[in-house]
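Residue numbering for the sequence shown is 90 to 235, as defined by the numbering used here.
Before any comments, here is the structure.
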Amino acid sequence: MNNSSDIFNQPIYMDQDGSFVPPILRNFSNGNSDGSESCFSGKAKLPDPIKFDGTPKDFKAFASSIQFYFWAKNDVFTNDRDKIIYLGSHLLGPAMVRFTKIVMDNDSCLNTYGRFFTHFRRNFSDPNIAINARGMLLRCSKEQKP
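Structural data, given as structure tokens:
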């Protein structure tokens, strides 16, 4: 059992710049301030991103999950082609049909992931998302008023 006075007998750790590092953060820090390495690298199992069938209302969730996956696995996805292929492998139905056509036509949007994702977003995201969000906020605020 921990004695409450033990908390005061712990060594004080300082960061490289001389600032105090709280004990809880020391466990998650690798001592590098550039943020290039995560303490979870290779330890955490990430679930695969969700599949996407082309339904506009599901686009944002799909895009978020795939972008997070690429960010978390940046050591694996080092080039644009791998990202495009991986994203394509998570498509179903109309989205897969559209993706296959882009590949078969050797569309110029396949040159970079950024261009591809812009093209993909233009075809599958909900064009009314901002309008719908404003409407939901308005309804919500009206319901809150007595």
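In this text, a Cβ means the ideal position worked out from N, Cα and C, and glycines have one as well.
Checklist entry - Taking Cβ to Cβ, would you say Tyr202 is nearer than 8 Å to Lys172? => result yes
Checklist entry - Which residue's Cα is closest to the Cα of His179: Cys198, Phe151, Arg204, Trp160? => result Phe151
Next on the checklist: Tell me the rounded alpha-carbon separation between Phe206 and Ile191.
Outcome noted: 12 Å
Checklist entry - If Ile139 sits next to Ser154, beta carbons under 8 Å apart, how far is it from one beta carbon to the other, in whole angstroms? => result 5 Å
Item to check | Nearest-angstrom beta carbon gap, Leu135 and Tyr158 [assumed within contact, 8 Å] | outcome: 6 Å
Next on the checklist: Measuring alpha carbon to alpha carbon, tell me which residue in Met193, Asp196, Trp160, Asn212 is nearest Phe148.
Outcome noted: Asn212
Checklist entry - The alpha helix (DSSP H) spanning Ile191 covers which residue range? => result 182 to 193
Item to check | DSSP-derived helix/strand/coil call for Phe166 | outcome: coil
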